[in-house]
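*Asks:* This is the structure I have questions about; it appears just below.
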Amino acid sequence: MQALKEIHSSFVPLPAENVDTDQIIPARFLKATTRDGFGKNLFRDWRYENDDETRPKADFVLNQPQFSGTILVAGKNFGCGSSREHAAWALLDYGFKAVVSSFFADIFKNNALNNGVLPVIVSESFLQKTFSLSPADALHIDVTAQTITIEKTGEQESFELNPYKKTCLLNGYDDIDFLISRKSAIEQFESAKA
Amino acid sequence: MGKTLFNKIWDAHVVEKIEDGPSVLYIDRHFIHEVTSPQAFKGIEKRGLSLFRPKQTIATADHNVPTLNQHLPIKDQLSKMQVDQLIENCEKHGVALYGLGHPYQGIVHVIGPELGITQPGMTIVCGDSHTSTHGAFGTIAFGIGTSEVEMVFASQCVLQTQPKTMRINIEGALQPGVVSKDIILYIIAKISASGATGYFVEYAGSTIRSLSMEARMTICNMSIEMGARGGMIAPDQVTFDYLKGRVYAPKGNAWEQKISEWKQLYSDADAVFDAELHIDASAIEPMITYGTNPGLGIPVQAHMPVLESIANEGERKNMEQALRYMDLQSGASLLGMPVQHVFIGSCTNSRIEDLRLVANLVKGRKKHDSVKVMIVPGSQQVAKQVHAEGLDKIFTEAGFQIRQAGCSACLGMNEDKVPAGEYCISTSNRNFEGRQGAGARTLLASPLTAAAAAITGVVTDVRELIK
Numbered sequence: 000m001q002a003l004k005e006i007h008s009s010f011v012p013l014p015a016e017n018v019d020t021d022q023i024i025p026a027r028f029l030k031a032t033t034r035d036g037f038g039k040n041l042f043r044d045w046r047y048e049n050d051d052e053t054r055p056k057a058d059f060v061l062n063q064p065q066f067s068g069t070i071l072v073a074g075k076n077f078g079c080g081s082s083r084e085h086a087a088w089a090l091l092d093y094g095f096k097a098v099v100s101s102f103f104a105d106i107f108k109n110n111a112l113n114n115g116v117l118p119v120i121v122s123e124s125f126l127q128k129t130f131s132l133s134p135a136d137a138l139h140i141d142v143t144a145q146t147i148t149i150e151k152t153g154e155q156e157s158f159e160l161n162p163y164k165k166t167c168l169l170n171g172y173d174d175i176d177f178l179i180s181r182k183s184a185i186e187q188f189e190s191a192k193a
Numbered sequence: 000m001g002k003t004l005f006n007k008i009w010d011a012h013v014v015e016k017i018e019d020g021p022s023v024l025y026i027d028r029h030f031i032h033e034v035t036s037p038q039a040f041k042g043i044e045k046r047g048l049s050l051f052r053p054k055q056t057i058a059t060a061d062h063n064v065p066t067l068n069q070h071l072p073i074k075d076q077l078s079k080m081q082v083d084q085l086i087e088n089c090e091k092h093g094v095a096l097y098g099l100g101h102p103y104q105g106i107v108h109v110i111g112p113e114l115g116i117t118q119p120g121m122t123i124v125c126g127d128s129h130t131s132t133h134g135a136f137g138t139i140a141f142g143i144g145t146s147e148v149e150m151v152f153a154s155q156c157v158l159q160t161q162p163k164t165m166r167i168n169i170e171g172a173l174q175p176g177v178v179s180k181d182i183i184l185y186i187i188a189k190i191s192a193s194g195a196t197g198y199f200v201e202y203a204g205s206t207i208r209s210l211s212m213e214a215r216m217t218i219c220n221m222s223i224e225m226g227a228r229g230g231m232i233a234p235d236q237v238t239f240d241y242l243k244g245r246v247y248a249p250k251g252n253a254w255e256q257k258i259s260e261w262k263q264l265y266s267d268a269d270a271v272f273d274a275e276l277h278i279d280a281s282a283i284e285p286m287i288t289y290g291t292n293p294g295l296g297i298p299v300q301a302h303m304p305v306l307e308s309i310a311n312e313g314e315r316k317n318m319e320q321a322l323r324y325m326d327l328q329s330g331a332s333l334l335g336m337p338v339q340h341v342f343i344g345s346c347t348n349s350r351i352e353d354l355r356l357v358a359n360l361v362k363g364r365k366k367h368d369s370v371k372v373m374i375v376p377g378s379q380q381v382a383k384q385v386h387a388e389g390l391d392k393i394f395t396e397a398g399f400q401i402r403q404a405g406c407s408a409c410l411g412m413n414e415d416k417v418p419a420g421e422y423c424i425s426t427s428n429r430n431f432e433g434r435q436g437a438g439a440r441t442l443l444a445s446p447l448t449a450a451a452a453a454i455t456g457v458v459t460d461v462r463e464l465i466k
């Protein structure tokens with residue numbers, strides 16, 4: 000996992016609520032056996048007419064060149080539905096490093112963090128403010144300080160991040176390394192239980 | 000202060016709690032399938048590890064499998080590759096696989112309980128959000144991502160932050176024509192698709208106690224559709240009777256000992272929940288969804304909400320998009336609307352009791368000419384039982400197509416899909432855009448309501464047929 004300390008970028012606004020993981024990456028693209036290459040199918044059916052890459056839907060934000068950046072800002076309850084980690088892989092592969100929303104589904108939040116994609120939970124009013132910014136406006140996310148700032152206005156909010164997960168993100172550690180280091184405690188637990 | 004059922008099981012499985020962080024939670028049983036496991040196997044191989052406790056992982060192939068001609072090679076090459084990869088991975092790492100052709104193959108959340116692998120008091124995970132199904136046996140069961148599958152492979156543990164607890168009490172008798180699917184669709188419509196996010200839900204009350212294990216599984220299965228980490232029901236005599244004699248259920252003295260342990264698995268009278276909800280069962284009617292998340296459901300007799308009456312802008316836009324996708328009119332009724340497909344199957348409603356319910360209603364009737372009806376048993380064992388009970392005859396005579404076990408048309412991943420623009424009444428769990436195939440329009444309902452539409456060809460109040 001790549002370490003993530005801060006992000007300074009313009010953003011892609013997706014105000015829809017309840018964006019489910021079937022939209023982020025439809026099931027028919029889950030047939031790969033590696034973690035790579037999911038980005039081209041990110042939001043596939045919102046992005047293209049009739050599944051045809053030569054016919055991008057003009058009204059979808061990923062097809063609007065004025066919007067770009069490594070931050071996706073989405074409506075509440077982002078990532079609901081299926082547990083497919085492919086959703087986090089698709090976002091990462093496409094180039095997103097953070098998703099900002101007022102509310103995330105649990106499994107998606109974990110999956111994102113496990114891949115170094117930062118879920119940033121902001122208030123509904125901060126979210127709406129962000130949606131009203133112009134495409135060129137940048138956001139600044141500081142993982143250490145746990146803050147997100149609208150560059151132009153200086154408006155800032157703190158976001159929650161579990162201290163353990165924060166250490167992982169800042170250093171690029173993953174949970175598996177940690178769990179392997181706890182093997183003797185796990186074995187002890189097993190013998191006590193038996 | 001007493002403990003909740005959730006806390007009793009959680010506390011018994013915490014290996015250690017990281018300061019200011021999650022807990023290391025020990026996992027008793029780990030189910031895997033072909034879609035969310037290959038990257039995890041690759042991951043541990045890359046680290047030069049073998050599976051820490053391979054005997055505690057059980058595999059099946061369900062998402063990608065065809066539901067016709069399962070004896071032939073899978074036609075879709077990518078699907079075939081994934082299923083083949085699962086076989087290879089399981090052989091290499093010593094994992095028991097109930098794959099295609101095995102008499103125990105089926106949807107992972109159907110086979111775990113029916114084989115007696117799922118037992119009260121356990122922690123159970125699977126790279127699949129509907130793992131919450133197993134909570135019907137009084138387990139902590141939840142869906143995980145592939146990185147977490149890799150964690151279980153490597154350490155038989157996951158790192159989890161303890162969720163809050165919610166109890167949903169359902170009291171009273173159900174009306175005729177109302178079944179467990181209606182209960183859970185009613186609850187989700189009431190609290191929304193995100194109403195239980197952050198919580199682990201315990202379903203309790205006299206209504207729940209009166210339900211069979213199959214019906215309880217349907218309810219726990221859809222906990223995730225309101226955002227819950229999982230759902231659970233305290234085990235009781237119904238649970239013990241279901242488990243007794245199953246392939247992997249304890250036998251002899253071990254059974255007696257387990258029963259006495261399992262009888263301790265309930266929320267203490269003075270246990271406190273972070274949230275509590277009370278539902279009057281008699282108020283629940285046959286339900287159907289009209290939108291593109293499972294929270295957008297109404298009683299089949301009711302009208303869809305009027306857009307202009309929704310005050311919250313985000314919600315209104317959400318509803319507008321849903322109605323546009325579904326090509327439905329705000330404020331209208333669904334009754335009498337033609338449907339082209341009926342799908343009876345999925346980890347929500349493909350168990351023998353679901354199929355008995357359907358058979359009972361359609362016996363001596365025929366499907367409407369304009370509708371295609373698929374019955375997909377959840378497992379080879381369910382399929383066998385269907386034949387043993389002669390239900391297949393009833394279905395065939397009604398013009399229903401009986402297929403072989405798998406996830407089928409629930410998720411648009413295998414050959415079974417609903418064409419763009421067409422409507423399907425489905426007993427599955429998700430009505431997301433494109434869930435049953437790109438452009439497909441899904442109306443979620445109970446097996447009874449689905450069967451009623453199969454007969455009439457239109458959205459129907461099943462109570463009209465059981466008068």
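Chains as they are written, first to last, in numbering that gives the first Met the number 0: chain A, 0 to 193; chain F, 0 to 466.
Just so it is clear, CB atoms sit at the ideal spot from N, CA and C, and this is done for glycine as well.
For the 8 Å Cβ check, are there 3 or more pairs between the segment 157-170 of chain F and the segment 379-396 of chain F?
*Replies:* Short answer: they don't touch.
*Asks:* Can you pull the chain A neighbours of Leu24/F, defined as C-beta to C-beta under 9 Å?
*Replies:* Those within 9 Å of Leu24/F in chain A number zero; the least Cβ separation is about 10 Å.
*Asks:* I think Val457/F touches Pro337/F, with their Cβ atoms under 8 Å apart; what is that distance to the nearest whole Å?
*Replies:* Confirmed, Cβ separation roughly 5 Å.
*Asks:* Ala187/F: which of Lys250/F, Leu50/F, Gly438/F and Ile287/F sits nearest, CA to CA?
*Replies:* According to the sequence shown, residue 187/F is Ile rather than Ala. The shortest C-alpha separation from Ile187/F is found at Ile287/F.
*Asks:* Any idea which residues DSSP pairs Cys406/F with across the strands?
*Replies:* The partner list for Cys406/F (beta bridge, DSSP) is empty, contrary to what the question assumes.
*Asks:* Hey, does Gln118/F have any beta-carbon neighbour from chain A nearer than 8 Å?
*Replies:* No, Gln118/F does not count as interfacial toward chain A.
*Asks:* Within the same chain, show all residues whose beta-carbon is closer than 6 Å to that of Glu213/F, passing over the 5 residues directly before and after it, in chain order.
*Replies:* Cβ within range, chain order: Arg350 and Glu352.
*Asks:* If you measure between the beta carbons of Val99/A and Ile147/A, is that distance less than 8 Å?
*Replies:* For Val99/A and Ile147/A, yes; Cβs fall inside 8 Å.
*Asks:* So which residues of chain F does Ser183/A contact, with C-beta pairs closer than 9 Å?
*Replies:* The contacting residues do not exist; Ser183/A stays about 11 Å from chain F at best.
*Asks:* Note down the Cα distance separating Thr441/F from Gln69/F, rounded to an integer number of angstroms.
*Replies:* Whole-angstrom Cα-Cα distance: 26 Å.
*Asks:* So is Arg83/A buried or exposed if we call it buried at 16+ other beta carbons inside 10 Å?
*Replies:* By the neighbour-count rule (16 or more Cβ atoms within 10 Å), Arg83/A is buried.
*Asks:* For Gln256/F, would you say it is in contact with chain A, using Cβ-to-Cβ distances shorter than 8 Å as the test?
*Replies:* Chain A contact via Cβ: absent.
*Asks:* Under 9 Å, CB to CB, which of the residues in the segment 141-172 of chain A have a partner in chain F?
*Replies:* Answer in chain order: Asn161, Pro162, Tyr163, Lys164 and Thr166.
*Asks:* Span of the beta strand (DSSP E) holding Pro12/A?
*Replies:* Looking at the DSSP string, the run of the beta strand (DSSP E) that includes Pro12/A is Glu5 to Leu13.
*Asks:* Comparing the C-beta of Ser190/A with each C-beta of chain F, is any distance below 8 Å?
*Replies:* No, Ser190/A does not count as interfacial toward chain F.
*Asks:* Going by C-alpha distance, which of Asp19/F, Val94/F, Gln320/F and Arg28/F is nearest His12/F?
*Replies:* That would be Arg28/F, whose Cα lies nearest to the Cα of His12/F.
*Asks:* Do you know how far the Cα of Gly411/F is from the Cα of Pro418/F?
*Replies:* The alpha-carbon atoms of Pro418/F and Gly411/F are separated by roughly 10 Å.
*Asks:* The segment 104-136 of chain A: which residues have C-beta closer than 8 Å to a C-beta of chain F, in chain order?
*Replies:* Listed by position, the residues of the segment 104-136 of chain A near chain F (Cβ gap below 8 Å) are Ala104, Asp105, Ile106, Asn109, Asn110, Asn113 and Asn114.
*Asks:* Quick one: residues in its chain with C-beta nearer than 6 Å to the C-beta of Arg164/A, no 5 flanking neighbours on either side, listed in chain order?
*Replies:* One detail in the question is off: residue 164/A reads as Lys in this sequence, not Arg. Taken in chain order, the residues that qualify are Leu112.
*Asks:* Run down chain A in chain order and give the residues with a C-beta less than 9 Å from the C-beta of Pro21/F.
*Replies:* Those are Asn161, Tyr163, Lys164 and Asp174, listed as they occur along chain A.
*Asks:* With Thr238/F as the anchor, note down where its beta strand (DSSP E) starts and where it stops.
*Replies:* Run containing Thr238/F: none in the beta strand (DSSP E); it sits in the alpha helix (DSSP H), Gln236 to Leu242.
*Asks:* Which residues share a DSSP beta bridge with Pro55/A?
*Replies:* Its beta-bridge partners are Tyr47/A.
*Asks:* Compute the distance between the beta-carbons of Phe59/A and Leu138/A, then report whether it is under 8 Å.
*Replies:* Contact: no.
*Asks:* Using DSSP bridges, identify the partner residues of Cys423/F.
*Replies:* DSSP, once it has assigned bridges, lists His340/F and Thr441/F as partnering Cys423/F.
*Asks:* For Lys262/F, return the contacting residues in chain A, with the cut-off set at a CB-CB distance below 7 Å.
*Replies:* Those do not exist, as Lys262/F stays about 19 Å from chain A at its closest Cβ, beyond 7 Å.
*Asks:* Would Met412/F pass as an interface residue toward chain A - the criterion being a Cβ-Cβ separation below 8 Å?
*Replies:* Yes, Met412/F counts as interfacial toward chain A.
*Asks:* Out of Asn292/F, Glu388/F and His277/F, state which residue places its alpha-carbon closest to the alpha-carbon of Glu314/F.
*Replies:* Per the Cα distances, Asn292/F.
*Asks:* Please name the residue, chosen from Glu15/F, Leu242/F and Asp235/F, that lies closest to Leu264/F on a Cα-to-Cα basis.
*Replies:* If we check each option's Cα against that of Leu264/F, Asp235/F comes out closest.
*Asks:* What does the alpha-carbon distance come out to for the pair His340/F and Phe51/F?
*Replies:* Each residue's alpha carbon lies about 45 Å from the other.
*Asks:* Taking only runs of the beta strand (DSSP E) that begin and end inside the segment 298-372 of chain F, which ones reach a length of at least 3 residues, in chain order?
*Replies:* Counting whole runs of 3 or more residues, the segment 298-372 of chain F contains the beta strand (DSSP E) stretches 340-343.
*Asks:* Give the residues of chain A in contact with Tyr37/F, contact being defined as C-beta atoms less than 9 Å apart.
*Replies:* Per the sequence presented here, residue 37/F reads as Pro, with Tyr not at that position. Within chain A, the residues near Pro37/F are Ala31, Thr32 and Thr33.
*Asks:* What span of residues does the beta strand (DSSP E) with His85/A cover, start to end?
*Replies:* Counting along the chain, His85/A falls outside any beta strand (DSSP E), though it belongs to the alpha helix (DSSP H) covering His85 to Tyr93.
*Asks:* Taking the beta strand (DSSP E) that Tyr202/F falls in, what are its first and last residues?
*Replies:* That run of the beta strand (DSSP E) goes Tyr198 to Ala203.
*Asks:* Taking 8 Å as the threshold (C-beta atoms), are Ile424/F and Val361/F in contact?
*Replies:* Not in contact: Val361/F and Ile424/F (Cβ atoms no closer than 8 Å).
*Asks:* Tell whether a beta-carbon distance below 8 Å holds between Phe342/F and Ala408/F.
*Replies:* Taking 8 Å as the Cβ cut-off, Phe342/F and Ala408/F qualify as a contacting pair.
*Asks:* For the segment 78-95 of chain F, list every residue whose C-beta sits within 8 Å of some C-beta in chain A, in sequence order.
*Replies:* Result list: Ser78, Met80, Gln81 and Gln84.
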